[in-house]
Amino acid sequence: MLASARDYIESAWWVVTLPGLTILLSVLAINLMGDGLRDALDPKLKRAA
């Protein structure tokens, strides 16, 4: 699949870039949300501070 898409990357770069940025932002948002939940809900972190 990736080899067949190589022809489109040069002529239609947004076909790869926009979904890639969407995945990047989604993973970043989920990671930050998980860190926030851990900070809010983990009692061991509150005692250490």
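All you need for my numbering is the position in the sequence shown, starting with 1, plus 26. Using N, Cα and C, we set each Cβ at its ideal position, and we do this for glycine too.
{"Check": "Cβ of D65 within 8 Å of Cβ of L71?", "Outcome": "yes"}
{"Check": "Can I49 and V42 be called in contact, C-beta distance under 8 Å?", "Outcome": "no"}
{"Check": "Tell me the rounded alpha-carbon separation between S30 and P69.", "Outcome": "51 Å"}
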